[in-house]
Structure formats: C-alpha cells, structure tokens
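Below: the structure, in structure tokens.
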Amino acid sequence: MNEADLMNSIRIALTKYAMVFRVNVGSGKTVDGRFFSTGVPKGYSDLSGHRKSDGKAFYFEVKTEKGRIRKEQAHFLKVMKSTGAITGIVRSVEEAVKLIEGG
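Be aware that the sequence shown starts at 5, since it is given in my numbering, and climbs by one per residue.
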C-alpha cells in the first residue's frame, strides 16, 4: 500500500474517534509572477485534529513500512507532544487507532 492509500484508510478509520484533517501543502506562482507557499510550518503532520471524547489534539505522521521521518517532522511531533497533544508516527490503521484510543 502506498502512503496516500494508507493515509486515506487511516482517515476513514479515525472518523469514529476524532475530527480528522489532512492539510495539503505546496507552492506555486501567481498570475503576476510572484511565488507563494501554503501556510503550515515545515514538518507539519500528515493528519491532525482532535479527539471527539475530550477535544485533545493529535498529530500523526503517516509512513509506509519503509518510510523514514524527516528531521523537521520529528521536531514538529516533539514540540506538539510537549504541549500535551497525542503524537506519533503511524504505519498502519491499527497503530493510529491504538494511539487515538489511548493517547
């Protein structure tokens, strides 16, 4: 399963437990030639949101079995965890559900 398919499977499974958001990032050029990039920080997690039961925030970085986390992603997760959010690198639907249920 590729990362996009895994991410969609996780999003669907988590809707039972949480409000889940996927933020797409990118950059482009305006009609008048100016460059722009979307407004989330480097390393922002693939999936984020809040748990329905208590409103606790979560940030999940989705990786395939062989996928590696980048330095910016690890830093982002560390900072979010320090604020009390549920964080993790998830490689399966089961891992994501386990974190959201008990995190």
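By construction, the Cβ of each residue, glycine as well, lies at the ideal position given by its N, Cα and C atoms.
Close-in-space but distant-in-sequence residues of the same chain around A17 (CB under 7 Å, 5 per side omitted): V97, A100, V101
Assigned secondary structure, K20 (DSSP; H/G/I helix, E/B strand, else coil): Coil.
Minimum C-alpha distance to V27 - residue among S86, V44, I14, K33: V44
Alpha-carbon spacing of E105 relative to M23, whole angstroms: If I take the Cα positions, the gap works out to 13 Å.
Any C-beta of chain B under 8 Å from that of K46: Looking for chain B here will not work: only one protein chain is present.
Pick from G30, A89, I93, L10 that is closest to K60, judged by C-alpha positions: A89
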